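Here is the structure we will look at.
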Amino acid sequence: MRINFRYRRGDPSCCVGGFLPKKQTPEPRNRVIKTKVWRTMALNKLAVAEAKTAGFEVDGTGGISAIWRQVRSRLRDECGQALYSQEIARLRVSVSESGAVVIVAPSQFNRDWVEDHWGARIRAIWSELDTTLRPVHLVVEGSADAQPVVAKRAELLKKAVSDAPVKESRASREADAEPAIGETRFTFDSFRVGPANEVAAAAARTVVGAQTPPFNPVFFYGDYGVGKTHLMHAMSSAFEHTSRPRKALYLTAEEFLSGFVTAMRARDTISFKETVRGVDVLLIDDVHFIAGKLKTEDELLNTIAALIAENKQVVLASHRPPAELQVSDDRLRSLLTGGLSCPLGKPDLDLRRQILDCKIAQAKCHYPVLDVPEAVRDFLAARITTSPRELEGVLNNVICRTALLGLPVTMEAVSTALRELSLNSERRLTVDDIQKVVASHYGVTPADICSKRRTQSVVRPRHVAMYLAKTMTTRSLPDIGRRFGGRDHSTVIHAVNKVTALLEAGDPVGDDIDRLTRELQS
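Be aware that the sequence shown starts at 22, since it is given in my numbering, and climbs by one per residue.
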């Protein structure tokens, strides 16, 4: 019961309520107000603490909007302004009622393209910036998952807290329910084979058709966009449609890491182990993402060893061969190199033309009136020499400028697309290319350049490679540092300043840089 006092100056005994308080002098009103404020502040702090425990940002300085701005900034630097404006800028972000991050695309075409080309990279960047390790989903505008959270705060917090112990297996359950993302697109039938990937394609078909694992583990490696993910999705789908179906689980390394870390925080690693080890075939993409994370490396080692011991198949993929991965545990490197390593190289002209024809046939499912002349196909296959992924990206932009507007596909439209995407016939340099050329020039390996060794025979090539990466690519300093064994951006700055000082002093390193620059540009 609340008693309201009417305090009149000079008459402290006057009150309303039918009885006198214990103290003859009523409590001043300002003290009552302060007490209410303190009580409200305490409740708010408790609510904030509960929200943060559930993994939600409640202050005005963070949250998914701030993280999404950073993710988009990183993507703009990596893919270029033209491609970013065309595909990435149209995405928006929200949070589902389960607490998952939902990235909403305006169309199914846009969603599929972003998922295929940048989905893994978006999730990797998000996991670096978001300490709560929430799952990230790409959906289409208008779907049920695209709706914002409308539940009351109390209900949302309760649901998030109740979901926390099992969050680590959400990605695994989704992968279990849908073993191959876009399996109608990523199949063996749509995987075009040529000299650059024939060994990997033959190995994949052999492993799928075998009754017991002929090679274990199977390790695919190659540059970004050459078909590793396509081949793994094709295997994942084929494993479940053979004469002897086997349960296959496809995960990205980021999903494996996120699930394991969340399971450790929830002190429930048993369910995580049961999920990844309770399948017949485990496929993990971008395994280099786990390198350098000691506990996750140890869990990956034990998982692979347990599956091999039970005669179950393990398939891995990375942008580098297993011997060059910067793993901390030599046992893991030995286990990875002990299987079958299959390279996937950049396709030649004939293979690029086959890939382009296949992509056009798939696009006709969405745009039946699409007609790409033979001359345009030959031009694109000859012009885009980097990777099948970039070739598909150019085709998508040509379709957007023609088929979506009811216009014919002409050489003029293709030239406009290439010009706006800043693409030309020259080969686009990558940090990996620079590391390989510099390592060959100085008689070391790319693994030496990315290692923690500080001998002069390794430090000089490392500094030169960092200098060339800074001056010849558009990568940011933090990104360059990560590609050199997970180093900090300040290390890259030091290397660039060191080489610059040597050049100004007339050091012979200038001749090396001139020779390397000509080789990289040729």
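Note that beta-carbon positions come from the ideal geometry of N, C-alpha and C, so glycine has one too. Computed from a predicted model, the values in this text were never measured in an experiment.
{"Item": "Which residue's Cα is closest to the Cα of cysteine 421: Phe130, Asp98, Ile85?", "Value": "Phe130"}
{"Item": "What residues in its chain sit with their C-beta under 6 Å from that of arginine 113, if we drop five residues either side in the sequence?", "Value": "Val125"}
{"Item": "Whole angstroms are fine: how far does the CA of alanine 141 sit from the CA of valine 160?", "Value": "14 Å"}
{"Item": "Among the candidates Arg267, Glu275, Ala225, Glu320, whose CA atom is the shortest distance from the CA of threonine 290?", "Value": "Glu320"}
{"Item": "Decide if the region 399–408 is in contact with the region 270–282; the criterion is three or more beta carbon pairs, one per stretch, under 8 Å apart.", "Value": "no"}
{"Item": "Do valine 157 and valine 135 count as a contact pair if the criterion is CB distance below 9 Å?", "Value": "no"}
{"Item": "Report the CB separation of valine 393 from valine 430 in whole angstroms; it is logged as a contact under 8 Å.", "Value": "5 Å"}
{"Item": "For a test of the three-state rule: what should DSSP assign to glutamate 189, helix, strand or coil?", "Value": "No answer about glutamate 189 holds up, because its pLDDT of 37 lies below 50 and its placement is not dependable."}
{"Item": "Could you please give the first and the last residue of the uninterrupted beta strand (DSSP E) stretch that includes valine 122?", "Value": "122–126"}
{"Item": "Tell me the start and end of each unbroken beta strand (DSSP E) in the region 322–361 that is at least 3 residues and wholly inside, in chain order.", "Value": "334–339"}
{"Item": "Go through the region 240–305 residue by residue and report every complete run of the alpha helix (DSSP H) that reaches 4 residues or more, in order.", "Value": "249–260, 274–286, 290–298"}
{"Item": "Are the beta-carbon atoms of lysine 367 and threonine 407 separated by less than 9 Å?", "Value": "yes"}
{"Item": "Do you know how far the Cα of leucine 523 is from the Cα of glutamine 334?", "Value": "52 Å"}
{"Item": "How far does the alpha helix (DSSP H) with histidine 544 in it extend, from its first residue to its last?", "Value": "Limits of the chain in this structure are 22 at one end and 543 at the other, which puts residue 544 out of reach."}
{"Item": "Short check: CB of alanine 223 to CB of alanine 255, under 9 Å?", "Value": "no"}
{"Item": "Would you list the one or two residues that DSSP bridges to arginine 113?", "Value": "Val125"}
{"Item": "In angstroms with no decimal places, state the Cα-to-Cα distance between lysine 179 and serine 436.", "Value": "Residue placement at lysine 179 cannot be trusted, given a pLDDT of 37 that sits under 50; what the coordinates show is reported in the next sentence. Approximately 55 Å, taken between the alpha carbons."}
{"Item": "Starting from valine 480, trace the alpha helix (DSSP H) in both directions and tell me its first and last residue.", "Value": "477–493"}
{"Item": "Just the C-alpha distance for valine 182 and valine 282, rounded to the nearest angstrom, thanks.", "Value": "Because valine 182 carries a pLDDT of 35, less than 50, the predicted location of this residue cannot be relied on, and the following value inherits that uncertainty. When rounded, the distance between both Cα atoms is 17 Å."}
{"Item": "In three-state DSSP terms, what is proline 238?", "Value": "coil"}
{"Item": "Using only the alpha-carbon positions, how far apart do tyrosine 242 and arginine 481 sit?", "Value": "28 Å"}
{"Item": "Work out the CA separation of arginine 373 and leucine 541 for me, nearest whole Å.", "Value": "23 Å"}
{"Item": "Using beta-carbon positions only, say whether methionine 493 and valine 520 come within less than 9 Å of one another.", "Value": "no"}
{"Item": "What is the rounded straight-line gap between the Cα of aspartate 371 and the Cα of alanine 287?", "Value": "52 Å"}
{"Item": "Quick check: the region 345–359 against the region 256–273, are at least 3 beta-carbon pairs closer than 8 Å?", "Value": "no"}
{"Item": "Look at leucine 270 and leucine 304 and say whether their C-beta atoms are less than 9 Å apart.", "Value": "yes"}
{"Item": "So is alanine 110 buried or exposed if we call it buried at 16+ other beta carbons inside 10 Å?", "Value": "exposed"}
{"Item": "Roughly how far, in whole angstroms, is the beta-carbon of alanine 526 from the beta-carbon of leucine 365, given that I think they are within contact range, below 8 Å?", "Value": "Between leucine 365 and alanine 526 the Cβ distance is about 43 Å, and since that is not below 8 Å, they are no contact."}
{"Item": "For leucine 150 and leucine 337, I'd like the C-alpha separation in whole angstroms.", "Value": "25 Å"}
{"Item": "Taking a contact to mean a Cβ-Cβ separation below 9 Å, would you say threonine 263 touches glycine 230 in this structure?", "Value": "yes"}
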